[in-house]
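Q: The structure is given below, and queries will be raised subsequently.
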Amino acid sequence: MISVIIPAYNEEKVIAATLKELIPGAESGELEVIVVCNGCSDKTADVVASFGTAIRCIETPEPSKTNALNLGDEVASGFPRIYLDADVVLTLEAIRQIAQVLQSGRFLAAAPKMYMDTRHASWLVRCYYEVWQQLPYIREGLIGVGVYALSQDGRKRFDTFPQIIADDGYIRALFQTHERTSVDSCRSLVRAPATLEGLLKIKTRSRLGHYELKKKFPELLKNEKKQYGLAMFESLKQVCLWPKLLVYLYVNFHARCRANKYARTQKFSGWERDDSSRDLF
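Using my numbering, the first residue of the sequence shown is number 2, and each one after it goes up by one.
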């Protein structure tokens, strides 16, 4: 049995689209889907309940993603174990392919490739993601794809999820490059924010999460080898990308400034969520 854990915080607009891709077609005993509604004040739990007994719904008043992941882990029984964001679409076939890769025993962690849906995004947002998706760090997977999976041995690498912002960054840093992989044959669907304001919120949270990891788990970040300089140099060779590079640098600069402010004033306890992509439903 493959276990899929989905933390959900006020996701009534998007959770149905995510669950519809998982349930139809699954064989008996093949899939265990657990949705953990954490601190929801909307109808997320009601939407999940409408799918019947095929999905287990857990509710907790604490609005914490990592606590939700831990609650899901406590009741999950299957491996590989897949951790999926509630606003990300992953097909049943993609889950099967990821599970097959992990069951081979070669890798401990895996994630699909990402398809960034920018159809409803502004020109500035599309510019940013065109550059961002070319970075080697992003192409390696487990970051920004909204889903990651662990084998049973991979899950033994840590006890419980720590209370941090960047759970995906933490998981990726637990494994050496040869222990994790990106499954090229499948994709997760991630919807880009519609506005520049929404993009800044996402990137501020991402940067804040990196600062927190660096402070709490500095030894883990030694597993990360980022080559931004080389990636930027390669992008500069493409004249058509120059305006988009300016957008990318602008967003990164402002996200860093905003994250630094949050880190100083709120000590990693406060961050914003973009709802512009969710409002499209």
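Note that beta-carbon positions come from the ideal geometry of N, C-alpha and C, so glycine has one too.
Mapping the DSSP letters down to three states, classify residue 84 as helix, strand or coil.
A: As a working note, residue 84 is residue 83 in the sequence shown. In this structure, residue 84 counts as strand in the three-state DSSP scheme.
Q: Considering just the uninterrupted stretch of the beta strand (DSSP E) at residue 33, what are its terminal residues?
A: Locating residue 33 in the sequence shown gives position 32, where the first residue counts as 1. In the DSSP annotation of this structure, the continuous segment of the beta strand (DSSP E) that includes residue 33 starts and ends at 32 to 39.
Q: Given a cut-off of 8 Å, decide if residue 13 and residue 347 are closer than it, judged by their beta-carbon atoms.
A: Any question about residue 347 goes unanswered here, given that the chain covers just 2 to 282.
Q: Check whether the region 103 to 110 and the region 37 to 56 touch, using three or more Cβ-Cβ pairs below 8 Å as the test.
A: no
Q: For the 8 Å Cβ check, are there 3 or more pairs between the region 153 to 167 and the region 68 to 80?
A: yes
Q: Comparing alpha-carbon positions, which option in 15, 67, 280, 39 lies nearest residue 162?
A: What you label residue 162 is simply residue 161 of the sequence shown in a count that begins at 1. For residue 162, the nearest C-alpha among the options comes from 67.
Q: Return the CA-CA distance between residue 259 and residue 250, expressed in angstroms with no decimal places.
A: To locate residue 259, count along the sequence shown from 1; it is residue 258. To locate residue 250, count along the sequence shown from 1; it is residue 249. If I take the Cα positions, the gap works out to 14 Å.
Q: Where does residue 260 sit, in a helix, a strand or coil, going by DSSP?
A: Stepping through the sequence shown from its first residue, residue 260 is reached at position 259. It is helical.
Q: Per DSSP, what kind of secondary structure is residue 114 in: helix, strand or coil?
A: Position 113 of the sequence shown, counting from 1, holds the residue named residue 114. Here residue 114 sits in strand by DSSP.
Q: So is residue 2 buried or exposed if we call it buried at 16+ other beta carbons inside 10 Å?
A: Position 1 of the sequence shown, counting from 1, holds the residue named residue 2. Result: exposed.
Q: Output the boundary residues of the alpha helix (DSSP H) element that contains residue 156.
A: Looking up residue 156 in the sequence shown gives position 155. Run containing residue 156: 153 to 156, per the alpha helix (DSSP H) assignment.
Q: Please report the distance separating the alpha-carbon of residue 220 from that of residue 11.
A: One-based indexing of the sequence shown puts residue 220 at position 219. One-based indexing of the sequence shown puts residue 11 at position 10. Using only the alpha carbons, I get a separation of about 34 Å.
Q: Can you tell me whether residue 149 is helix, strand or coil according to DSSP?
A: The residue labelled residue 149 in the question sits at position 148 within the sequence shown. Strand.
Q: Could you tell me which of 35, 21, 197, 69 sits nearest to residue 276, measuring between CA atoms?
A: Numbered from its first residue, the sequence shown carries residue 276 at position 275. Minimum Cα distance to residue 276 is reached at 197.
Q: When you compare only the Cα positions, how much space is there between residue 265 and residue 208?
A: As a first step, residue 265 is located in the sequence shown; it is residue number 264 there, counting from the start. As a first step, residue 208 is located in the sequence shown; it is residue number 207 there, counting from the start. Cα-Cα distance, rounded: 13 Å.
Q: Compute the Euclidean distance between the alpha carbons of residue 199 and residue 117, then round it to the nearest angstrom.
A: For the purposes of this step, residue 199 is taken as the residue at position 198 of the sequence shown. For the purposes of this step, residue 117 is taken as the residue at position 116 of the sequence shown. Distance between the alpha carbons of residue 199 and residue 117: 15 Å.
Q: Measure the C-alpha to C-alpha separation of residue 16 and residue 278 and round it to an integer number of angstroms.
A: As a first step, residue 16 is located in the sequence shown; it is residue number 15 there, counting from the start. As a first step, residue 278 is located in the sequence shown; it is residue number 277 there, counting from the start. Their Cα atoms are separated by approximately 13 Å.
Q: Which stretch, first to last residue, makes up the alpha helix (DSSP H) that contains residue 198?
A: As a position in the sequence shown, residue 198 is number 197, starting the count at 1. Residues 197 to 217.
Q: CB-CB under 6 Å to residue 160, same chain, minus the five flanking residues each way: which ones, in chain order?
A: For the purposes of this step, residue 160 is taken as the residue at position 159 of the sequence shown. Here the set comprises nothing.
Q: Do the region 18 to 29 and the region 90 to 97 meet, that is, are 3 or more Cβ pairs less than 8 Å apart?
A: yes
Q: In three-state terms, what does DSSP make of residue 24?
A: By one-based count along the sequence shown, residue 24 stands at place 23. Note: residue 24 maps to coil in three-state DSSP.
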